[in-house]
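Going down the list, the sequences are from chains A and B. Residue numbering for the first sequence follows this note's numbering, starting at 1 and increasing by one per position. Residue numbering for the second sequence follows this note's numbering, starting at 378 and increasing by one per position.
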Amino acid sequence: MAEPSLAADAKPWRDAAAKPFIRIKNITKKFGDFTAVDDVSLDIYKGELFCLLGGSGCGKSTLLRMLAGFETPTSGTIEIDGQDVASVAAFNRPTNMMFQSYALFPHMSVEKNVAYGLLREGVPKPEAMVRVADMLRLVKLDGFAKRKPHQLSGGQQQRVALARSLIKQPKLLLLDEPLGALDKKLREETQFELIRIQETLGVTFIVVTHDQEEAMTLSTRIGVMNDGKIVQVGEPPQIYEDPCSKYVADFIGSVNMFEGIVDAGVPDTLRIKSLEAGTELLVEPPQGLKIGQPVSVAIRPERIMLTREKPESPNVVYGEVEEVAYLGNVSTYRVKLENGKTLKVTKSNRLHDEEPIMWDEKVYLSWSKAAGIVLTE
Amino acid sequence: MTTLRSSSPWRLTASGLAKLGLNGRALVIAVPMIWLLVFFLIPFLVVLKISVAEPMIARPPYSPLFIEGQDGWSIKATLGNYAYLFEDSLYINAYLSSIKIAFFSTVFSLLIGYPMAYYIARSPEPKRSLLLILIVLPFWTSFLLRVYAWIGILKGKGVLNAFLLKLGVINEPLIIMQTDIAVYIGIVYTYLPFMILPLYANLVKLDDALLEASADLGAGPISTFFRITIPLSLPGIVAGSMLVFIPAIGEFVIPALLGGPDTLMIGKVLWTEFFSNRDWPVASAVAIAMLVLLVIPIMLLRLAQSKQGDSA
Numbered sequence: 001m002a003e004p005s006l007a008a009d010a011k012p013w014r015d016a017a018a019k020p021f022i023r024i025k026n027i028t029k030k031f032g033d034f035t036a037v038d039d040v041s042l043d044i045y046k047g048e049l050f051c052l053l054g055g056s057g058c059g060k061s062t063l064l065r066m067l068a069g070f071e072t073p074t075s076g077t078i079e080i081d082g083q084d085v086a087s088v089a090a091f092n093r094p095t096n097m098m099f100q101s102y103a104l105f106p107h108m109s110v111e112k113n114v115a116y117g118l119l120r121e122g123v124p125k126p127e128a129m130v131r132v133a134d135m136l137r138l139v140k141l142d143g144f145a146k147r148k149p150h151q152l153s154g155g156q157q158q159r160v161a162l163a164r165s166l167i168k169q170p171k172l173l174l175l176d177e178p179l180g181a182l183d184k185k186l187r188e189e190t191q192f193e194l195i196r197i198q199e200t201l202g203v204t205f206i207v208v209t210h211d212q213e214e215a216m217t218l219s220t221r222i223g224v225m226n227d228g229k230i231v232q233v234g235e236p237p238q239i240y241e242d243p244c245s246k247y248v249a250d251f252i253g254s255v256n257m258f259e260g261i262v263d264a265g266v267p268d269t270l271r272i273k274s275l276e277a278g279t280e281l282l283v284e285p286p287q288g289l290k291i292g293q294p295v296s297v298a299i300r301p302e303r304i305m306l307t308r309e310k311p312e313s314p315n316v317v318y319g320e321v322e323e324v325a326y327l328g329n330v331s332t333y334r335v336k337l338e339n340g341k342t343l344k345v346t347k348s349n350r351l352h353d354e355e356p357i358m359w360d361e362k363v364y365l366s367w368s369k370a371a372g373i374v375l376t377e
Numbered sequence: 378m379t380t381l382r383s384s385s386p387w388r389l390t391a392s393g394l395a396k397l398g399l400n401g402r403a404l405v406i407a408v409p410m411i412w413l414l415v416f417f418l419i420p421f422l423v424v425l426k427i428s429v430a431e432p433m434i435a436r437p438p439y440s441p442l443f444i445e446g447q448d449g450w451s452i453k454a455t456l457g458n459y460a461y462l463f464e465d466s467l468y469i470n471a472y473l474s475s476i477k478i479a480f481f482s483t484v485f486s487l488l489i490g491y492p493m494a495y496y497i498a499r500s501p502e503p504k505r506s507l508l509l510i511l512i513v514l515p516f517w518t519s520f521l522l523r524v525y526a527w528i529g530i531l532k533g534k535g536v537l538n539a540f541l542l543k544l545g546v547i548n549e550p551l552i553i554m555q556t557d558i559a560v561y562i563g564i565v566y567t568y569l570p571f572m573i574l575p576l577y578a579n580l581v582k583l584d585d586a587l588l589e590a591s592a593d594l595g596a597g598p599i600s601t602f603f604r605i606t607i608p609l610s611l612p613g614i615v616a617g618s619m620l621v622f623i624p625a626i627g628e629f630v631i632p633a634l635l636g637g638p639d640t641l642m643i644g645k646v647l648w649t650e651f652f653s654n655r656d657w658p659v660a661s662a663v664a665i666a667m668l669v670l671l672v673i674p675i676m677l678l679r680l681a682q683s684k685q686g687d688s689a
């Protein structure tokens, strides 16, 4: 059998000619006066592991439920593999869903839960049972076939839910907060397990999550949602390094934000006057900014250097360490600037020889021109 | 602090009771146990005693169980009354007929009650409470009055016949009163809330995600209903059925008022034995036999409930 070509390697979304597998066009969903999903358009490609990321109430679950067929869009169309699914009932769609609550049938054994989809499809029982056994092996649950769901741990139940949603080899698998109920360690293991299964089977995954770390680890691309709208779609590094708005910069990872006004610039450098920083911020100039325009400058905590001596750097500010948190691989600092603003700084702990910077020390904070991300909205 | 508490009157009482092997927990359990003893077990023993006596023209009309003879007390008991229940086919037929009427009434109640309970359980909140109140509302008027009202509806010149004649659906009045049909209508009407309420309590807990999961895996609405909804509501079905079946078997008022001379139910037989024939021992034997008959479904109910407890 040929290796399924992986969207993670092929990156079809970079190719304008590539045909999307799922085409969401101008989808809006209203519940009474409340607009849960607001004019969302999105293309997702075959074999992708796409994450819909956002806070609670941002509309990500509603969008997923419309793909599954549990909610009908107020307007707009959804195409799956070239077929408009608007009039297709949930039980006839080529999608399967893994529910946040797992929704395992409590009166059926693990085996029967997993076989349910196959038997409804009319697969003969002996064949179904062979496939169920294979699937249980894939999710490492062989030996639990006869148990009832309530006899399993959370992690095991989660794997039954995954097995049940994969058994019909759906074209599209929808996962609603799949790892939400697991503890951190199990969650990390399961994340890689999910990627392994996704790559083995070549199924297209759409994952809904509020956990940005989970989205970063899992996905080929992330769609960040806020207030029913998709605010940015991109590969994880792109979303992190080049957020398009303050909301995205703030939601993904942590960030230091300065308000400022665009001042004159020399070639290769833009000056931004910022009262908040107490100085001028020097950044690499993005396109299309006017002098006098208000902007925000976002700087990631790990891009800021902490030193006792004044360094040679385009951006240097001075402050006092208020808090240090040692996290093992990194330490995070909160440094109070002279004008009262507090900055978050992350410092990796790989150097042993250096005397670590501690509480109440006066330090210089510096960052390169490339570290500042200029945001206009 | 410790001495203060240990010397308080409450502590003294509690420690005194504890010496007798009684603590708060035992006392709390004791109250309903004593209630059951006084109001269920003792009357039951009295009836049991009468059922092994012989009828006498006396007051009360049965022979005493304990007889004081020359050589002390002796016990006089007979199983003749129970044997008599088997000798006269009236009793067996009455039992069978009661079971039949109770069974079909239960089935009808389930068929009518399940959709109602399902609808109420799926309704949004303010509407749901209103519907539940409507289900319970008939209990606020006398049961007897409501059965009399049914006579007014079902009788030859009653509301139903007048309505159907007016519509031209029928040419002459339907004879419903004093038939088994009237008894079924009466029982199903009276006990329907007892079917709906436990079913509702069960169905309202049904997780929508399970129904969605079933649809998602390719099961249509009908398949989902029979494979997910029905099996998961089984404890409610059992509880509701028992609550209808058990009182329906012993029902007396409804067959007496709505049924005819041919309607044979054990409650009516019991009444006749007791008040018309004044044969208290046979009436008691009928009652005890009926109790034994009812204990079996109650045991089944208990079994179903303990199973439900397992899976929860």
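We put the CB at the ideal spot given by N, CA and C, even for glycine.
For A430(B) and A664(B), the rounded distance between their alpha carbons | 14 Å
Which residues, in order along the region 606 to 619 of chain B, keep a beta-carbon less than 9 Å from a beta-carbon of chain A?
-> P608, L609, L611
Is the beta carbon of E302(A) sitting closer than 8 Å to the one on K362(A)?
-> no
Would you verify that the beta carbon of S683(B) is, or is not, closer than 8 Å to some beta carbon of chain A?
-> Closer than 8 Å: no.
Using the beta-carbon of each residue, which ones in chain B are nearer than 7 Å to G154(A)?
-> Contact note: G154(A) does not reach chain B at a C-beta cutoff of 7 Å; the least C-beta distance is about 16 Å.
A277(A): contacting residues in chain B (beta-carbon distance under 8 Å) | Under the 8 Å cutoff, chain B gives no residues; its nearest Cβ is about 49 Å from A277(A).
Members of the region 494 to 508 of chain B near chain A, C-beta cut-off 9 Å = none
Could you give the uninterrupted runs of the alpha helix (DSSP H) lying entirely in the region 571 to 601 of chain B, keeping only those of 4 residues or more?
-> 585 to 593, 598 to 601
Give me the Cα-Cα distance between S331(A) and S254(A), rounded to the nearest whole angstrom.
-> Our two residues, S331(A) and S254(A), have alpha carbons roughly 14 Å apart in a direct line.
Kindly indicate if chain B contains any beta-carbon less than 8 Å away from that of S101(A).
-> yes
Closer than 7 Å by C-beta to K347(A): which residues in its own chain qualify, once you throw out the five before and the five after it? Chain order, please.
-> L306, V330, S331, Y333
What is the residue span of the alpha helix (DSSP H) that W450(B) lies within?
-> For W450(B), no alpha helix (DSSP H) segment is defined; the enclosing uninterrupted segment is the beta strand (DSSP E) at 449 to 452.
Determine the extent of the alpha helix (DSSP H) in which V88(A) is found, giving its start and end residues.
-> Per DSSP, V88(A) belongs to no alpha helix (DSSP H) and is neither H nor E.
DSSP three-state assignment for K310(A), whether helix, strand or coil | coil
DSSP-derived helix/strand/coil call for D250(A) = The answer is helix: DSSP assigns D250(A) an H, G or I state.
Count the other CB atoms within 10 Å of the CB of S75(A); is the residue buried (16 or more) or exposed (fewer)?
-> Only exposed fits S75(A), as fewer than 16 other CB atoms lie within 10 angstroms of its CB.
Just how far apart, CA to CA, sit V207(A) and A371(A)?
-> 30 Å
Hey, would you say L49(A) sits closer than 8 Å to S165(A), going by beta carbons?
-> no
Measuring CB to CB, does F251(A) end up less than 8 Å from L281(A)?
-> Contact flag unset, no.
What is the rounded straight-line gap between the Cα of F356(A) and the Cα of V317(A)?
-> The amino acid occupying residue 356(A) in the given sequence is Pro; Phe does not appear at that position. Going from the Cα of P356(A) to the Cα of V317(A) covers about 19 Å.
To the nearest angstrom, how far is it from the Cα of T440(B) to the Cα of V423(B)?
-> Correcting the residue identity first, residue 440(B) is Ser in this sequence and not Thr. Taking the Cα positions, S440(B) is about 13 Å away from V423(B).
Can you name the residues that DSSP bridges to A298(A)?
-> M257(A), I373(A).
Can you have a look at T379(B) and say buried or exposed, based on whether 16 or more other CB atoms are within 10 angstroms of its CB?
-> Any answer about T379(B) is weak, because its pLDDT of 48 lies below 50 and its placement is not dependable; what the coordinates show is given next. By the 10 Å Cβ count, T379(B) comes out exposed.
Residue range of the unbroken beta strand (DSSP E) whose run includes Q238(A) | Not the beta strand (DSSP E): Q238(A) falls in the alpha helix (DSSP H), residues 236 to 241.
In chain order, what residues of the same chain lie with their CB nearer than 6 Å to the CB of I373(A), ignoring the 5 residues before and after it?
-> A298
Which bits of chain A does A592(B) rub up against, with CB to CB less than 7 Å?
-> Result: A90, F91.
L587(B): contacting residues in chain A (beta-carbon distance under 7 Å) = Neighbours of L587(B) across chain A, judged by C-beta separation under 7 Å: A103, F105.
Which partner residues does A498(B) have in the DSSP bridge list?
-> In the DSSP output, where bridge partners are listed per residue, A498(B) has none listed.
Counting Cβ pairs closer than 8 Å, one from the region 545 to 560 of chain B and one from the region 520 to 535 of chain B, do we hit at least three?
-> Flag = yes, the region 545 to 560 of chain B and the region 520 to 535 of chain B touch.
When Cβ atoms are compared, which residues of the region 58 to 71 of chain A fall closer than 9 Å to chain B?
-> Here the close residues are R65, A68, G69, F70.
Listing by chain order, which chain A residues have their CB less than 7 Å from the CB of A596(B)?
-> Near A596(B) (Cβ distances below 7 Å), the residues of chain A are F91, R120.
What do you reckon, are the CB atoms on L378(A) and P94(A) nearer than 8 Å?
-> Because residue 378(A) is not part of the residues shown, which for chain A are 1 to 377, the question remains open.
State the CB to CB distance for the pair Q191(A) and T217(A), rounded to an integer number of angstroms; the pair is presumed to be in contact (CB under 8 Å).
-> Rounded, the Cβ-Cβ distance is 5 Å, consistent with contact.
Start and end of the alpha helix (DSSP H) containing W359(A)?
-> Careful: W359(A) lies outside any alpha helix (DSSP H) and carries neither H nor E.
Could you tell me whether any Cβ in chain A is nearer than 8 Å to the Cβ of D584(B)?
-> With its beta carbon less than 8 Å from one in chain A, D584(B) belongs to the interface.
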